[in-house]
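**Student:** Got a structure here, written out as structure tokens. Questions coming.
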Amino acid sequence: MTPTCAPPERIAVLARPEIPEGLDVARRVAGFLAAEGVSTVHGSLYDPDLRKAVEQRNFDLLIALGGDGTILRAGHLCAPVDTPLLGINIGHFGFLVELRREEWQDTLPRLLQGDFRYEERMMLFARCIREGQEETTFDVINDVVVARGQYVRPIEVEATLDGACIARYIADGLIAATATGSTAYALAAGGPILPPELRNILLMPVAPHLSVDRAIVLSEGAPICIRVQTKHEAVVSVDGHEPLPFASGDSVQITANQKSLHMVRFQDPGYFYRNLTAYMEHNPLINIKTNDRTT
């Protein structure tokens, strides 16, 4: 890849402190960059002062250390202020993460030479309407999920497009996902995998009962409304965050977000399919064996 981007001059290196060695790896990455003349800070992804500095656009790049969950948290921090994101995987799973733990020392010099590209990931914007009032709005990287609550009973969910009903479900829930989210909960529910550059909205029911059990892929500009009908508790959750309770008649309105998540990539666009195959064949979470040590 020939140099195409201006090298970042101010970089924040943040890790999730719950991950063993996370803060130590962040310190070593920051030290490596500082030795090359880059202005860096490092620390916890939850540090309020560092988060405020990112929100004030004090950095050209945020490097996040962890797995996909860390990337989502970092993405919610940097996307609203158009700060690009680079992930180094020191977690379990890494559909979104660009570099493995053992790769960063060999690859970061390319970053400082401008030998990388930006990958733009579409985001969604969600408005939750509860009791007829707009209460909460969300920027969405992966998905919006409307689902049953603590009771193991299905709910009725209606999806409308421009006010016209396109599908009704009796199901455990309904997922509205981006292409990024198509490899998350929607994939576990049996949905299709969308290439990361697509700007579509994926609707995927969860455990539908005597209902349409296929995914629906909508265009970017499609304004979607998901409304729930239930005699018991339902919830809405965005990107796996703490769910909000939903009552019968409550809804969430979903549109394409004006902001996008910009991710640093060193690999060619075909990386997505290569990584996908590797993860499917060697999922680290299902290869853990109990009472069986291998070398």
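Per the working numbering, residue 486 is the first one in the sequence shown, and the count goes up by one each step.
Ideal Cβ positions, reconstructed from N, Cα and C, are used throughout, including at glycine.
Taking its Cβ as the centre, do 16 or more other Cβ atoms sit within 10 Å of D567, making it buried, or is it exposed?
**Tutor:** Numbered from 1 along the sequence shown, position 82 holds the residue referred to as residue 567. It is exposed - the Cβ of D567 has fewer than 16 other Cβ atoms within 10 Å.
**Student:** Shortest alpha-carbon distance to L530 belongs to which of G522, R513, V514, G507?
**Tutor:** Mapped onto the sequence shown, residue 530 falls at position 45. For the residues G522, R513, V514, G507, the minimum Cα distance to L530 belongs to G507.
**Student:** Roughly how many whole angstroms lie between the Cα atoms of L535 and Q618?
**Tutor:** For the purposes of this step, residue 535 is identified with residue 50 of the sequence shown, where counting begins at 1. For the purposes of this step, residue 618 is identified with residue 133 of the sequence shown, where counting begins at 1. Going by the C-alpha atoms only, they are around 34 Å apart.
**Student:** Would you mind sorting R712 into buried or exposed? The rule is 16 or more other CB atoms within 10 Å of its CB.
**Tutor:** Counting from 1 along the sequence shown, the entry for residue 712 is found at position 227. It counts as buried.
**Student:** Can you find the residues in the same chain that come closer than 7 Å, C-beta to C-beta, to D657, ignoring five residues on each side of it along the sequence?
**Tutor:** The residue given as residue 657 occupies position 172 in the sequence shown. A632, R633, P639, V691, A692, listed in sequence order.
**Student:** Taking Cβ to Cβ, would you say G551 is nearer than 7 Å to R501?
**Tutor:** Position 66 of the sequence shown, counting from 1, holds the residue named residue 551. Position 16 of the sequence shown, counting from 1, holds the residue named residue 501. The answer is yes: Cβ separation under 7 Å.
**Student:** Grab the span of the alpha helix (DSSP H) containing F517 for me, first residue to last.
**Tutor:** Counted from its first residue, the sequence shown places residue 517 at position 32. Counting along the chain, the alpha helix (DSSP H) containing F517 begins and ends at 507 to 520.
**Student:** Residues in the same chain with beta-carbon distance under 6 Å from A564, minus the five sequence neighbours each way, listed in chain order, please.
**Tutor:** Walking along the sequence shown from the start, residue 564 turns up at place 79. Hits under 6 Å: K744, L746.
**Student:** With respect to the alpha helix (DSSP H) encompassing Q590, which residues constitute its N-terminal and C-terminal limits?
**Tutor:** Residue numbering aside, residue 590 sits at position 105 when the sequence shown is read from its first letter. It spans 589 to 597 - the alpha helix (DSSP H) in which Q590 sits, taken as one unbroken run.
**Student:** Between the segment 643 to 652 and the segment 717 to 735, do at least 3 Cβ pairs fall closer than 8 Å?
**Tutor:** The segment 643 to 652 vs the segment 717 to 735: no contact.
**Student:** Using a Cβ-Cβ cut-off of 8 Å (strictly less than) and excluding sequence neighbours within five positions of L659, which residues of its own chain qualify?
**Tutor:** Taking the sequence shown and counting its residues from 1, one reaches residue 659 at position 174. Counting only Cβ-Cβ distances below 8 Å, and skipping sequence neighbours, we find V630, V631, A632, V642, A644, L688, M689, P690, V691, I711.
**Student:** Mind checking whether L570 and G560 have CB atoms under 7 Å apart?
**Tutor:** For the purposes of this step, residue 570 is taken as the residue at position 85 of the sequence shown. For the purposes of this step, residue 560 is taken as the residue at position 75 of the sequence shown. Yes, these two residues count as a Cβ contact at 7 Å.
**Student:** Tell me which residues share the same chain as I701 and place their Cβ nearer than 6 Å to its Cβ, disregarding the 5 neighbours each side in the sequence.
**Tutor:** Residue mapping note: residue 701 aligns to position 216 of the sequence shown, counting from 1. Closer than 6 Å at Cβ, skipping near neighbours: L688.
**Student:** Would T668 pass as a contact of I678 if the rule is Cβ separation under 7 Å?
**Tutor:** As a first step, residue 668 is located in the sequence shown; it is residue number 183 there, counting from the start. As a first step, residue 678 is located in the sequence shown; it is residue number 193 there, counting from the start. Their beta carbons are under 7 Å apart, which means T668 touches I678 by this criterion.
**Student:** Determine the extent of the alpha helix (DSSP H) in which T555 is found, giving its start and end residues.
**Tutor:** Along the sequence shown, read from residue 1 onward, the residue named residue 555 stands at position 70. 553 to 563 is the span of the alpha helix (DSSP H), which, as asked, contains T555.
**Student:** Based on DSSP bridge pairs, tell me the residues matched to G572.
**Tutor:** Here the question's residue 572 lines up with position 87 in the sequence shown. For G572, which the question treats as bridged, DSSP gives the partners A549.
**Student:** Could you give the DSSP three-state label for Y756: helix, strand or coil?
**Tutor:** Locating residue 756 in the sequence shown gives position 271, counting from the first residue. The answer is helix: DSSP assigns Y756 an H, G or I state.
**Student:** Going by beta carbon distance, what residues of the same chain come within less than 7 Å of E588, once the five residues before and after it are set aside?
**Tutor:** One-based indexing of the sequence shown puts residue 588 at position 103. Cβ within range, chain order: n/a, list empty.
**Student:** Are there 16 or more other CB atoms within 10 angstroms of the CB of A673, so buried, or fewer, so exposed?
**Tutor:** Here residue 673 refers to the residue found at position 188 of the sequence shown. Per the 10 Å Cβ criterion, exposed.
**Student:** Taking 7 Å as the threshold (C-beta atoms), are F544 and R495 in contact?
**Tutor:** Position 10 of the sequence shown holds residue 495. Position 59 of the sequence shown holds residue 544. Closer than 7 Å, so yes.
**Student:** I need the straight-line Cα distance from P680 to F757, nearest angstrom please.
**Tutor:** Your numbering for residue 680 matches position 195 in the sequence shown. Your numbering for residue 757 matches position 272 in the sequence shown. In a straight line, the C-alpha of P680 is about 7 Å away from that of F757.
**Student:** Per DSSP, which one or two residues make a beta bridge with I709?
**Tutor:** Translated into the one-based positions of the sequence shown, residue 709 becomes position 224. I709 is bridged to L646, I739.
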